[in-house]
Structure formats: structure tokens, C-alpha cells
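The listed protein sequences derive, respectively, from chains H and B.
Taking the working numbering, the leading residue of the first sequence gets -14, the next gets one more, and so forth.
Taking the working numbering, the leading residue of the second sequence gets 115, the next gets one more, and so forth.
Take a look at the structure set out below.
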Amino acid sequence: DTGVSQDPRHKITKRGQNVTFRCDPISEHNRLYWYRQTLGQGPEFLTYFQNEAQLEKSRLLSDRFSAERPKGSFSTLEIQRTEQGDSAMYLCASSLGRGAQYFGPGTRLLVL
Amino acid sequence: AQKITQTQPGMFVQEKEAVTLDCTYDTSDPSYGLFWYKQPSSGEMIFLIYQGSYDQQNATEGRYSLNFQKARKSANLVISASQLGDSAMYFCAMREGKGGTSYGKLTFGQGTILTVHP
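Quick look at the structure:
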């Protein structure tokens, strides 16, 4: 049973560039979540999907952020025109219905 | 108001002793779930234990138990027989139920850094 995987694990980019992260959930999990965590803080919710439907988006998710889960399996999170304030750990989690959320290893983004 | 409050920025415990990490929560929803996660220095969030608001008994999972006091809105994590590998950041989180607008997401506290001394 493989866990949640995320790719890449680390990303360094220049301000203004676009970046895309991928998350592969646990195979039988129908829900997928994205969170952002900055240093010394708890994760903050960004968005979540049930199957392919995006059911909730946080106010933190500005117009520069978009997430997709086209076939209800893997998901991508894209940040356009990155800013230094986007530097954070981006965590993906999945769950089976309302069960516990299991997290991936995260993608650490540094915007220079 | 903070939905999840962890008042202990750091805690120290001697190996093999028990330690309690505090968590209080705030919700008006009658249906909610409380979770504890461990985050080692590697960064991955590891699910430890879950307590539902309607559960009559305190949750236990190996060396982890959750001291759930509904009237006081507290959900403290108790780690028995601490091990060196327990040194990590610990987060308390809440998922509110169907009555709220946040049916799926977890709201996390600020975390408590636990250091286990040999």
C-alpha cells in the first residue's frame, strides 16, 4: 500500500515564474486536499476535491493559484507569477470520505 | 477567535516517561472530529489518533491516547513511555461537521515541539 506521493520534493524558482506541483493520493481515496505550511506554523487549508469536483477553496487561494483533479486520481496545483510570499511547504493529503487525512511528504517551494 | 489552541510552544520529557500535550478547540458545530499529527524534522505529517465528537470513549492507539473533555473543549494527547523518536512537532487539528462551511478541511493549531531527553 503506497502512501501519498508528491513531486517535486523541492522547487526553487524566480519571482514571476509559474510552477506546478503534482500529488498522487492513496489509490482508493476519493478526497484530496492541498495545504500550505510556512515555517513555525500549522498547515493552512487551500482547497479540496471529492473525486474530480473541487468542493471548497480557501480565501488564501488567490487568482494566481489553480488546482485540478481531472480524472479523480492525481491532482496538480499551479501557481502563476510566483511571489516571494509564496515560499512555503505545499502539502497534499488524501482520505476515504471523512476518514483520517494522510499526508504526502510535501513540496518545498522557494521563490527568489 | 482561534479554532484550535495549543498553548505549549515547547515541551521536554525524559525518555520512558509520559507526557501530555494540550489542545483546546472552539466550535459551535455539534459534529466534529479532532486529530493529532506528528511532524518530524523531515517534514511529513504523520496521522496519530482521531476522536469524534460523539465518541463515548477516549481514543487510544498504541502509546497514544486522547484525553477528550467535551465540556471543557479540550483534546489533549498523552504519549506514554516516551521514546527518543517521539521528538517532533505535534499538531492538533479539527474537522467541523456538516453544519459548518468547512466540511472537509482540517484546521490546525500552532503546534508543540516535543523534545525527549535520554
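Heads up, the beta-carbon is just placed ideally off N, CA and C, and yes, glycines get one too.
Keep in mind that this is a model prediction, so the values were computed, not measured.
query, result
"Going by DSSP in three states, Gly214/B sits in which element: helix, strand or coil?", "The pLDDT assigned to Gly214/B is 47, lower than 50, so where the model puts this residue is not dependable, and the model offers no usable value."
"Quick one: list the residues of chain H neighbouring Phe205/B, beta-carbon separation under 9 Å, in chain order.", "Gly27, Pro28"
"Rank Ser156/B, His231/B, Trp150/B, Thr138/B by C-alpha distance to the C-alpha of Gln197/B and give the top, closest one.", "His231/B"
"Have a look at Thr134/B, Gln120/B, Asp140/B and flag the residue whose alpha-carbon is nearest the alpha-carbon of Gly211/B.", "Asp140/B"
"Is any beta-carbon of chain B found at less than 9 Å from that of Phe134/H?", "Only positions -14 to 97 of chain H appear in the structure, and residue 134/H is not among them; the question remains open."
"Roughly how far, in whole angstroms, is the beta-carbon of Ser167/B from the beta-carbon of Ser188/B, given that I think they are within contact range, below 8 Å?", "Actually they are not in contact, since the Cβ atoms of Ser167/B and Ser188/B sit about 13 Å apart, beyond 8 Å."
"May I ask you to report which of helix, strand or coil DSSP gives Leu45/H?", "coil"
"Given this structure, state the Cα-to-Cα distance separating Arg0/H from Val127/B, to the nearest angstrom.", "43 Å"
"Should Asp200/B go down as buried or exposed, given a rule of 16 or more other Cβ atoms within 10 Å for buried?", "buried"
"In chain B, which residues lie less than 7 Å from Leu40/H when you measure between Cβ atoms?", "Gly218"
"What is the DSSP secondary structure of Leu97/H, reduced to helix, strand or coil?", "coil"
"Quickly, what does DSSP pair Ser60/H with across the bridge? List them, please.", "Cys8/H"
"Would you report the Cα separation of Tyr18/H and His(-5)/H, rounded to the nearest angstrom?", "19 Å"
"Apart from the five residues on each side of it in sequence, which residues of its chain come closer than 8 Å, Cβ to Cβ, to Met159/B?", "Tyr151, Lys152, Gln153, Phe205"
"Is any beta-carbon of chain B found at less than 9 Å from that of Ala78/H?", "yes"
"My assumption, with CB atoms under 8 Å, is that Arg177/B sits in contact with Ala195/B. Please give the rounded CB distance.", "6 Å"
"Please look up how many angstroms separate the CB atoms of Gln35/H and Met74/H, rounded, as I've assumed it's under 8 Å.", "So it is not a contact: roughly 24 Å between Cβ atoms."
"Can you tell me whether DSSP reads Asp136/B as helix, strand or coil?", "coil"
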